[in-house]
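Quick note: the sequence shown, position 90, residue 90 per UniProt numbering, numbers continuous. Ideal Cβ placement from N, Cα and C applies to all residues, glycine included. Only a predicted model underlies this, so the values are computations on that prediction, with no experimental measurement involved. Take a look at the structure set out below.
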Amino acid sequence: MSAAATPPGSGPERGSVFPPGFDPTAESAEKTLCFRGFWAWAVLILLIAICVSVFMWLLRKCIQGPAYRKANRIDGKVVIVTGCNTGIGKETVLELAKRGARIYMACRDAGRCEAARLEIMDRSHNQQLFNRTLDLGSLQSVRNFVERFKAEESRLDLLINNAGIMACPRTLTTDGYEQQFGVNHLGHFLLTNLLLDRLKQSSPSRIVVVSSAAHLFGRINREDLMSEKKYGKFFGAYSQSKLANILFTCKLSSILKNSRVTVNCCHPGVVRTELNRHFAGPGWMKSVLQTGSLYFFKTPKAGAQTSLRLALDPGLEGSTGGYYSDCMRWPLVPWARNMETADWLWRESEKLVGLPSMEPPPPNQNQNQNQNPTQNSNGTQNGNAANGSREMQSVETVVVNRS
Numbered sequence: 001m002s003a004a005a006t007p008p009g010s011g012p013e014r015g016s017v018f019p020p021g022f023d024p025t026a027e028s029a030e031k032t033l034c035f036r037g038f039w040a041w042a043v044l045i046l047l048i049a050i051c052v053s054v055f056m057w058l059l060r061k062c063i064q065g066p067a068y069r070k071a072n073r074i075d076g077k078v079v080i081v082t083g084c085n086t087g088i089g090k091e092t093v094l095e096l097a098k099r100g101a102r103i104y105m106a107c108r109d110a111g112r113c114e115a116a117r118l119e120i121m122d123r124s125h126n127q128q129l130f131n132r133t134l135d136l137g138s139l140q141s142v143r144n145f146v147e148r149f150k151a152e153e154s155r156l157d158l159l160i161n162n163a164g165i166m167a168c169p170r171t172l173t174t175d176g177y178e179q180q181f182g183v184n185h186l187g188h189f190l191l192t193n194l195l196l197d198r199l200k201q202s203s204p205s206r207i208v209v210v211s212s213a214a215h216l217f218g219r220i221n222r223e224d225l226m227s228e229k230k231y232g233k234f235f236g237a238y239s240q241s242k243l244a245n246i247l248f249t250c251k252l253s254s255i256l257k258n259s260r261v262t263v264n265c266c267h268p269g270v271v272r273t274e275l276n277r278h279f280a281g282p283g284w285m286k287s288v289l290q291t292g293s294l295y296f297f298k299t300p301k302a303g304a305q306t307s308l309r310l311a312l313d314p315g316l317e318g319s320t321g322g323y324y325s326d327c328m329r330w331p332l333v334p335w336a337r338n339m340e341t342a343d344w345l346w347r348e349s350e351k352l353v354g355l356p357s358m359e360p361p362p363p364n365q366n367q368n369q370n371q372n373p374t375q376n377s378n379g380t381q382n383g384n385a386a387n388g389s390r391e392m393q394s395v396e397t398v399v400v401n402r403s
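Structure below.
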C-alpha cells in the first residue's frame, strides 16, 4: 500500500536532475578550487591592473587633448613666432616649418635660438628659418627687431605672440615696468602694433596670442597696474598679464574689423615647459611636481595644437576675437570681455609704450586733461594721431614716453 501510494516520479532515480552517482556538493567544491589561493589573487590583481592601465591611458589622452590633423601647407608664408627656442613655441615652429613656412624665430637668447633653429631645420628639411634677437622686456629691442624685419620682408602672413614668463619674483623691465606685465603684454602690444601695416598688406593674415586660463583669476588693477603696492607672483601679476592678453585680443579684433586680419587668443593647457622655472617651494614638492608633470601635464607638442589650429585651419579664415582651448572656442567670463576695461587698457598701453593714440579719448578723459594739462605729454598729439593711420608710421617716428 505504501509503495502504491508513492506518487509517480517522486523516487530518487526518476525525480533527480543529476545523473546517478553525481555529488553536487563535491562538484561545486571542485569548481571553486580554481579561484582560491595564489591563482585567485593573481587573476584579481591582473584584472585590476588592466582596468587601471586602460583608465590611465584614457585619462592621458584626455589630458593631451585633440591634435590639429589637417594637412594644409603654407609654403612661402612669412611667419614670426616669439619665444620659440623651447617648449610650445619650438613645437609650433617645427610644425609650421614642415608645412613650408618662412619663419623668423624671435627670441631673447640668440644662442639657444640658434641651437633650436638648427635642430628644426634638420628635422623639417626647411632652410627658411631665421634667428632674430627680440627681448620683449625692452621696448627698444622690440623696435630694433621690427626695423630689421621690415628691411628684410615686405609682408607678414602670421604673427604668433607666444613668449611669456610666469610667477617670477618682482623685477622690472628695461623701461621700468613690472616684468610679467611688461613682457607678457606690453612687449607684444608694441610688437603687434608696429607690424600691423605688414599684416594688412598681406591680408588675409592672422595674429595668434597665447594667453592662459589663469586669466580667470586676474583683474586689471587700474590703481596699481605695475603691482607696486601689492605683488602676487601668480594670482596677481601673472593672472593680470594673461587677462590683458585677452582684452588686447578683443580690442584689436574690433579695430581690425573688415581688414581681413584676424586675431584670436588661446589657452595651451597645463604644459610641461620651462615656464614654471620660477616655482618657489620645498625641494620635495618640486620633485613631486616634476614627476607628476611627466604624466598629468601636456607635452609641448600637445600644448602647441591649439595655436596651430588658429594659425593654420582654413575653416577659421574669418573667425576673430575668440578664445580657444583644446582646439575649441570657449565663451569668456564677463571681466575678460568688458570692452570698457579693454578700451582703458589699450589707451594706457599706448601711453606706456610711447605710441600715439589710435582713437580719441572718451569725453570725460578730455575734461580731466583740460583741468590738468600737465597730465601727459602725449595728450597734445592724440587729435592729430587719431586722423592718421598707425600702420603707415615708420619705426623711427615712434617715441617712447618714459614719464
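Taking S259 as reference, the option from Q240, G83, S202, A106 with the minimal CA-CA separation is S202. Listed as beta-bridge partners of L129 by DSSP are I103.
DSSP, read as helix, strand or coil, puts Y238 in helix. Short of 6 angstroms from the beta carbon of W346, and not among the five residues preceding or following it, lie these beta carbons of its own chain, in chain order: K251.
Membership of H188 in the alpha helix (DSSP H) is indicated by the continuous run 188-194.
When secondary structure is reduced to three states using DSSP, E228 falls in the coil class, being assigned neither helix nor strand. Residue pairing by DSSP places W330 opposite Y323 in a beta bridge. For R309 and L172, the gap between their C-alpha atoms comes out near 34 angstroms. Only buried fits A101, as 16 or more other CB atoms lie within 10 angstroms of its CB.
Just so you know, the alpha carbons of L195 and A167 end up roughly 29 angstroms apart. By the C-beta criterion, the region 299-313 is judged not to be in contact with the region 184-192, since fewer than 3 inter-stretch pairs fall below 8 angstroms.
Per the Cβ contact rule, the region 200-215 is in contact with the region 151-160 (3 or more Cβ pairs under 8 angstroms). Between the C-alpha atoms of G236 and F149 there is a straight-line separation of about 34 angstroms. For C265, the enclosing beta strand (DSSP E) starts and ends at 261-267.
In the DSSP assignment, K298 forms a beta bridge with V271.
For the pair N144 and N221, the Cα-to-Cα distance works out to about 30 angstroms. Collapsing the DSSP output to three states places I165 in coil. The C-alpha of L199 is placed about 7 angstroms away from the C-alpha of R155. Minimum Cα-Cα distance from F248 among the listed residues L96, R108, W344, D75 corresponds to W344. Secondary structure of I220 (DSSP, three-state): coil. For S138, there is no enclosing beta strand (DSSP E), as DSSP marks it with neither H nor E.
Per DSSP, S205 lies in no alpha helix (DSSP H) segment; the continuous beta strand (DSSP E) that holds it begins and ends at 205-210.
If you look at I80, you'll find it isn't in any alpha helix (DSSP H); it sits in the beta strand (DSSP E) that goes 78-82. Sequence-distant partners of I63 (beyond 5 residues in either direction) whose C-beta falls short of 6 angstroms from its own C-beta are missing from its chain. Between the C-alpha atoms of Q127 and M121 there is a straight-line separation of about 6 angstroms.
When DSSP states are grouped into helix, strand and coil, I74 belongs to the coil group. Contact between the region 104-115 and the region 133-147 is present, with at least three C-beta pairs closer than 8 angstroms.
Spanning the alpha carbons of E350 and V81 requires a straight line of approximately 23 angstroms. Separation of H267 and D313 (C-alpha to C-alpha, rounded to the nearest whole angstrom) is 17 angstroms.
In the structure shown, the three-state DSSP call for L46 is helix. Residue pairing by DSSP places I160 opposite V81, V208 in a beta bridge. DSSP places T341 inside the alpha helix (DSSP H), whose first and last residues are 339-353. Nearest neighbour of I74 by Cα position, chosen from A97, G83, G354, turns out to be A97. Between H185 and A115, the CB-CB gap reaches or exceeds 8 angstroms. Following the DSSP letters along the chain, one finds K257 in no alpha helix (DSSP H), marked with neither H nor E.
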